[in-house]
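Have a look at the structure below before the remarks.
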């Protein structure tokens with residue numbers, strides 16, 4: 003398994019990458035299905051790329067090219 007450099011995405015970026023609506027991504031973060039932390043300086047939710055990859059694989063979703071190299 004290849005270890006990925008730490009990358010983080012905002013909810014808007016996750017939505018763009020996965021082709022889901024930002025509200026859906028925010029919901030997943032809010033209910034804990036997709037781990038995220040709130041950036042205290044920007045006020046935005048941040049999702050780690052490895053958490054996003056795990057979330058997609060567990061839910062049987064297609065892994066976009068932008069993050070497919072992380073597995």
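Numbering (this note's numbering), first residue to last: 3 to 73. All C-beta atoms, glycine included, are put in the ideal place defined by N, C-alpha and C. Note that the coordinates shown come from a computational prediction; the quantities given were computed from them, not determined experimentally.
* Considering only the beta carbon of each residue, do residue 53 and residue 34 sit closer than 9 Å? -> Looking up residue 53 in the chain shown gives position 51. Looking up residue 34 in the chain shown gives position 32. Going by C-beta atoms, residue 53 is not nearer than 9 Å to residue 34.
### Message
With H, G and I counted as helix, E and B as strand and the rest as coil, what does DSSP make of residue 11?
### Response
Numbered from 1 along the chain shown, position 9 holds the residue referred to as residue 11. In the structure shown, residue 11 sits in a strand (DSSP, three-state: E or B).
Determine whether the beta carbon atoms of residue 49 and residue 11 lie at a separation below 9 Å.
As a working note, residue 49 is residue 47 in the chain shown. As a working note, residue 11 is residue 9 in the chain shown. In contact: residue 49 and residue 11 (Cβ atoms closer than 9 Å).
N-terminal and C-terminal residue of the beta strand (DSSP E) that residue 33 is part of
Counting from one through the chain shown, the residue named residue 33 turns up at place 31. Neither: residue 33 is in no beta strand (DSSP E) and is coded neither H nor E.
| Could you give the residue range of the beta strand (DSSP E) that holds residue 21? | What you label residue 21 is simply residue 19 of the chain shown in a count that begins at 1. Premise fails: residue 21 is in no beta strand (DSSP E) and is neither H nor E.
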